[in-house]
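Okay, so the sequence shown: first residue is 26 according to the working numbering, each after it adds one.
Glycine is no exception: its CB is placed at the ideal position from the N, C-alpha and C atoms.
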Amino acid sequence: MKQWIVRAMLVVLGIWLGAELLLGDWADRHERQAVEVPLARGAAPVLASE
26 MKQWIVRAML VVLGIWLGAE LLLGDWADRH ERQAVEVPLA RGAAPVLASE
C-alpha cells in the first residue's frame, strides 16, 4: 500500500524538478539574450531596477 504512495511522490518530485531545471534554464537564457542583443548593437545597458 505504501509502496505506490512513495513511487507516486518520487514521480511527482522528478517531474517538478525536471520542469524547474528545464524551464529555469530556458527563462534565464531568454532573459540573457534580451540583454545581450542590444549590448551587441552598442546600446547602453539598462538595469531592471530603473
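Item checked: Through-space distance from I40 to L47, alpha-carbon basis -> For the purposes of this step, residue 47 is identified with residue 22 of the sequence shown, where counting begins at 1. For the purposes of this step, residue 40 is identified with residue 15 of the sequence shown, where counting begins at 1. One C-alpha to the other measures close to 10 angstroms.
Check: If you draw a straight line from the alpha carbon of R32 to that of G49, how long is it in whole angstroms?
Finding: Here residue 32 refers to the residue found at position 7 when the sequence shown is read from its first residue. Here residue 49 refers to the residue found at position 24 when the sequence shown is read from its first residue. Near 25 angstroms, if we compare the C-alpha coordinates of G49 and R32.
Item checked: Cutoff 6 angstroms; reference L35; Cβ partners in own chain excluding five residues on either side -> By 1-based counting over the sequence shown, the position of residue 35 is 10. Same-chain partners within the cutoff: there are none.
Checklist line | Coarse secondary structure for R32, derived from DSSP in three states | finding: To locate residue 32, count along the sequence shown from 1; it is residue 7. Of the three classes helix, strand and coil, the one that applies to R32 here is helix, per DSSP.
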